[in-house]
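Everything below concerns the one structure shown next.
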Amino acid sequence: MSISVEANKGELAPEEQKRLKADLHRSLRRNKIRASMLVAPLVIFIIVTFVAPIGNMLYRSVDDPLVNEFMPQTTAALENWDEQQLPDEAIYAALAQDIIEGRKAKTIGKAAKRLNYEKSGMRSLIMGTSRKHKKLQAPYKESLVDIKKGWGDIDNWKVIKRLGASITASYYINAFDMETSPEGEVSFVDPKEQIYLKLFWRTIWMSMLITGMTVLLGYPVSYLLASLPLKTANVLMILVLLPFWTSLLVRTSSWIAMLQAQGILNDLLVWFGIIADEARIQMIYNAIGTVVAMTHILLPFMILPLYSVMKTVPPSYLRAARSLGATPWTAFWQVYLPQTVPGISAGAILVFILSIGYYITPALVGGQSGQFIGNLIAYHMQGSLNWGLAAALGVMLLVLVLGIYGVYNRVVGTNSVKLG
Amino acid sequence: MANPASSEAYVRFDGVQKSYDGVNLVVKDLNVDIPRGEFLTMLGPSGSGKTTSLMMLAGFETATHGDIYLNGRSINNVAPHKRGIGMVFQNYALFPHMTVAENLAFPLQVRKMSKADVEEKVQRALDMVELGEFGNRRPAQLSGGQQQRVAVARALVFEPDLVLMDEPLGALDKNLREQMQYEIKHIHERLGVTVVYVTHDQSEALTMSNRVAVFEDGRIQQLAPPVELYEKPENAFVAQFIGENNKLTGKVDALADGICEVVLDSGDRVKALDINTDGAGTATTLSLRPERVFLNPTEGQCQNMFSGKAEEVIYLGDHIRVRMNVCGHNDFIVKVPNSSDKKGLAEGDTIPVGWSIDDCRALDA
Amino acid sequence: MKKTLKLTTALVLGSFVAGAAAQAADSITVVSWGGAYTASQRGAYSDPFTAKTGITVLDEDKSGNGLAGMRAQAEAGNGTWDVVDILEGGALTACDEGLVEEIDYNNDLDKGADGSMPLDDFVDGSLSGCFVPTIVYATLFAYNNTAFSGDAPKTIADVFDLEKFPGKRALEKIPGANLEWALVADGVPYDEVYDVLDTPEGVDRAFAKLDTIKDSVVWWDAGAQPPQLLADGEVTIASAYNGRIFNAQVVENQPFTIIWDGQMFELDGWVIPKNAPNKKAAMDYLRFSTTTQALADQAKYISYGPARKSSAPLISTHISTGVDMNPHMPTNPENFKTPIKKDAGFWADNGDDLSERFNAWLAQ
């Protein structure tokens, strides 16, 4: 730094500067190497466990190799088909060939499953044909239609042709609650089958609600912790962290015991005569259950940054405000609160991003109205095995989080985020 | 001990006690009257109770016992924001999220002043501390001295009659601190507000105050103007705490007409003013300022004459500081003005030393 | 590029689906559903198998994600599972996709105790290529006796009748069984259920019927939930796996009654993953655990019917309570008057579509 300043003064000749730079470079190299060695394990770890899977997810959301890989002859033959009328015999022959070979190699099922995501019934059309492969003979058109009527339906051929491309937008189209008609037009699906956009929206607003709840509940607690003597504060901090040390399932089950219709809270309300026995309030297996349980689980993520920021706000600010004539409320609102905004920001973004991807708790206590988009991603990962759709939904969630973070950065600015 | 100066007290501590744990008293029986317009400093080592007393006056601590009066009215149950007392804090406590002007406007806005009034008063306050151009800066963009001045301006902008300052110059370096001492003193003189000032720095206390209350162990040891405090300490703690002091311990042998004769631990006999002894036969501490000791005194100049050996001679420019062994004390300090005739004193020399009775005060043990 | 991608996917998925099972040469990993069910397999198959062969059997409770796990292991080309317990529908898909081994039934399995060949002895049509069924289990309704003082519900239609039998219902959070029951409750004959459900109007009809009770439904997704919900009084009638209800009735003495009408029965059994690390031992286990006696023995632990006809006469009493197991078997003629066989083929074709529709319906 100081060297370049000297150089700018023009006191060193150009060749001198050059030598100086080389020296500087050499003297810094060791430090650079040592520094990169220190971070290398983490960088590798992040690449393997984070960057690569995300890249993989992006790729999977558009990658669609199954049909063209496992029905290669049909895909190739369909390339020049005009989609105006049923394919000719050559294409039928290619299909028969693919089915016979795919059956032997046990790969036709994969193509069938993929086609079935797009159009129900494709699976049994192909697998049924495959099971009766012995009946396949020239002329194949006649023989195929004879085995399964579906081969005489032009729409089925259109689906095969469309999915023959190895890159697809169909997962995203599905993820936006849309579908592609046999004619290739993209439109929204029937309203009673729309789900993903609705769940995205619900995930966002419920996450906001949960974030708001953690601020409301966490702020006074953090304030108490920050203003108590360290010894007492540490004991209370253990209570705050206790949820971290309890299994998620235990915590969630205790909420069930607490909130269910025959649970403690309802029992108390009935016992005090606040509600009638027949009118017990449904507080779990719905959105309320999700909000309550997740607020509890995520509360520490709000309290910790808040606490660490509040620790740095000296009590003299409040005293100064009081001495200048501010009521306790004004002192809090105009002097204390603004200085804890970085803590609120950090906690809020942390809680919000965590909650937007939650799925275990909503699955256990959310019932039908408390499900998050994460539940459907998990369902497509583990239940329907439609990993392409899961990846597309995952990418959308990722983009959504990045977008929200971008807006947040614009409005609040990451400078004002302080984790400790 | 209370010293009702001129008229009736503006601030009065009446038998105030404070305990945090119910076992120990941090402030023990505090009684002070502060007249309007006075600059009173509470001086003492840390833990002596001075800050606690200030905080009770500001309303941030409640007195465990006794009453505090402001302008004749008990303020024990008045909330801090209703006391109308300006306060300057040790770390300035400027609100970091507001500009300088917003900081100054804060006390005016909470008083619901009109916008025009606020602007005018803020500007006047900024001008007073010579920061007229800095209204739009954030506190973090100012130097320590500038922040200090803003803090003072903020404590004064709403024109309180009483301003409290809690070690306001503690964070500044020495030169700036001295400069600020004068500035605060001048502002006090110009505005005529009452100031209660807390510090542990005696030179600060002596420079600025009308009166200084020396705190130790939860009590005021002496409450007096700076001159009196230095010249006439009433007990051994004050003598030792304020300025430099030679401490000689011994026993009162006889006393008459306010003058006592003390036998030092070394066996030497010293005559001293009887200020605060418990009579003949009791232990006492003699206090003697280093600059009141004469080397090679002329005959009859001093009633007390001994011989001393110079252990260490330090040249300090305007004066020479000599550590001597006198009457069995080898930390006996003598300050000699740097005049041409005093040159040539060397370590190891043994020479006569002496002091007069009026400069030697016999205090509590 | 593609290979790396596959590898990373497999690494990530494999690690969370499969878990890491330490592989000693003298052990095999058997994946099943956990809980009382795995315990019954341990008692009837695994412990005797270890006693006989010295091969240790390691349990993994991952059948809930069995298909996903096998797919991930196949993509990684590196399996850790030797034998997987799976539903018939899942086995069909796995077989179609080539994830599991084909079984030569008459050679790989033992003859029945009565000398019958395996292909004749197992439930008709269930030996579909890769799958070896072990049990017949039913999803059915049960109610808490304390909930109804007068008339008790006896039919599927009663379950959907909230006026006559008030209270909440617990249903599994999948379309399977619920849609079939909705049609039955709406008057569709038992043997025409899938024909109706194969039409768009039929699906609409089923959802319309479900709409009538939707507000009173608590949805469950783990088999342990419905007995708990019944015991807590959270619901009055719950759909559940019959073995779970049996366990609550007999072992825990809960006052539950099963409605055998409209029981949805389904087959569950073994497949051998293509990537099984100890294939020989896995095949030995498969043979050992599907003998007439082994299947009959499993019924001592849990009330699921053996998938071999020759096992039926050997069914005895419950291992700990001594209760006669026969009246509790879904395959007992008394209980088997009006069953619906879950159509695995239908669900393989339409499961994705109907699940989407079901999820959307739930979210409304």
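Residue numbers (the numbering used here), protein chains in the order written: chain H, 1 to 420; chain Y, 421 to 785; chain Z, 786 to 1149. Note that beta-carbon positions come from the ideal geometry of N, C-alpha and C, so glycine has one too.
When the Cα atoms are used, what is the spatial distance from residue i to residue j?
| i | j | result |
| --- | --- | --- |
| residue 122/H | residue 1131/Z | 12 Å |
| residue 440/Y | residue 484/Y | 9 Å |
| residue 509/Y | residue 591/Y | 11 Å |
| residue 624/Y | residue 339/H | 33 Å |
| residue 473/Y | residue 492/Y | 18 Å |
| residue 469/Y | residue 358/H | 55 Å |
| residue 573/Y | residue 588/Y | 13 Å |
| residue 64/H | residue 194/H | 23 Å |
| residue 495/Y | residue 576/Y | 21 Å |
| residue 421/H | residue 99/H | Limits of chain H in this structure are 1 at one end and 420 at the other, which puts residue 421/H out of reach. |
| residue 129/H | residue 97/H | 12 Å |
| residue 480/Y | residue 323/H | 9 Å |
| residue 780/Y | residue 767/Y | 26 Å |
| residue 995/Z | residue 1018/Z | 22 Å |
| residue 185/H | residue 162/H | 12 Å |
| residue 807/Z | residue 842/Z | With a pLDDT of only 40 at residue 807/Z, under the threshold of 50, the placement of this residue in the model should not be trusted; the figure read from the coordinates follows. The straight-line gap from Cα to Cα measures roughly 12 Å. |
| residue 951/Z | residue 384/H | 34 Å |
| residue 1078/Z | residue 893/Z | 17 Å |
| residue 208/H | residue 214/H | 10 Å |
| residue 633/Y | residue 613/Y | 18 Å |
| residue 66/H | residue 190/H | 27 Å |
At 8 Å on the CB atoms, spell out the chain H contacts of residue i, in chain order.
| i | result |
| --- | --- |
| residue 1019/Z | 260, 261 and 262 |
| residue 506/Y | 323 and 324 |
In chain Z, which residues lie with their C-beta within 9 Å of the C-beta of residue i?
| i | result |
| --- | --- |
| residue 371/H | 1144, 1147 and 1148 |
Within the continuous alpha helix (DSSP H) that includes residue i, where are the two ends?
| i | result |
| --- | --- |
| residue 352/H | 337-356 |
| residue 837/Z | 832-838 |
| residue 722/Y | Looking at the DSSP string, residue 722/Y is not in any alpha helix (DSSP H), and its letter there is neither H nor E. |
Tell me which residue opens and which closes the beta strand (DSSP E) that residue i is part of.
| i | result |
| --- | --- |
| residue 936/Z | Residue 936/Z -> no beta strand (DSSP E), and no H or E assigned at all. |
| residue 676/Y | 666-676 |
| residue 430/Y | 429-438 |
| residue 928/Z | 917-929 |
| residue 774/Y | 770-775 |
| residue 954/Z | 954-957 |
| residue 1050/Z | 1041-1056 |
| residue 841/Z | 841-845 |
Against residue i, what residues of chain Y qualify as contacts under a CB-to-CB distance less than 8 Å, listed in chain order?
| i | result |
| --- | --- |
| residue 226/H | Under the 8 Å cutoff, chain Y gives no residues; its nearest Cβ is about 17 Å from residue 226/H. |
| residue 316/H | 509, 510, 511 and 513 |
What residues match up with residue i in a beta bridge as DSSP calls it?
| i | result |
| --- | --- |
| residue 463/Y | 619/Y and 634/Y |
| residue 1026/Z | 924/Z |
| residue 570/Y | Answer is none; residue 570/Y lacks a bridge partner. |
| residue 735/Y | 740/Y |
Starting from residue i, find everything on chain Z with Cβ-Cβ shorter than 7 Å and list it in chain order.
| i | result |
| --- | --- |
| residue 107/H | 883 |
| residue 127/H | 881 |
| residue 218/H | Those within 7 Å of residue 218/H in chain Z number zero; the least Cβ separation is about 30 Å. |
| residue 112/H | 881 |
Could you list which residues in chain Z have their beta carbon closer than 8 Å to that of residue i, in chain order?
| i | result |
| --- | --- |
| residue 117/H | 1137 |
What in chain H is Cβ-close to residue i, meaning under 9 Å?
| i | result |
| --- | --- |
| residue 965/Z | Near residue 965/Z there are no residues of chain H at all, since even the closest Cβ is about 17 Å away, more than 9 Å. |
* Asked: For the segment 974-992 of chain Z, which residues have a beta carbon sitting closer than 7 Å to at least one beta carbon of chain H?
  -> none
* To do: With 9 Å as the limit, tell me which residues of the segment 638-669 of chain Y have their beta carbon closer than that to any beta carbon of chain H; keep them in chain order.
  => none
* **Residues of the segment 877-904 of chain Z with Cβ closer than 9 Å to any Cβ of chain H, in chain order** => 877, 878, 879, 880, 881, 882, 883, 884 and 887
* chain Y contacts from the segment 350-365 of chain H (Cβ-Cβ distance under 7 Å) -> none
* Short-range partners of chain H found in the segment 993-1006 of chain Z, where Cβ spacing is below 7 Å -> From the segment 993-1006 of chain Z, only 1003, 1004 and 1006 have a Cβ closer than 7 Å to chain H.
* **Members of the segment 482-507 of chain Y that neighbour chain H once the beta carbon cut-off is set at 9 Å** => 499, 500, 501, 502, 503, 504, 505, 506 and 507
* Name the residues in the segment 521-537 of chain Y whose C-beta lies less than 7 Å from a C-beta of chain H; which are they? -> 526, 527, 530 and 531
* **the segment 325-347 of chain H: positions lying closer than 9 Å to chain Y by Cβ** => 325, 326, 327, 328, 330, 331, 334, 335, 338, 339 and 341
* Residues within the segment 149-182 of chain H neighbouring chain Z, beta-carbon criterion of under 7 Å -> none
* For the segment 584-596 of chain Y, which residues have a CB atom closer than 7 Å to at least one CB atom of chain H, in sequence order? -> none
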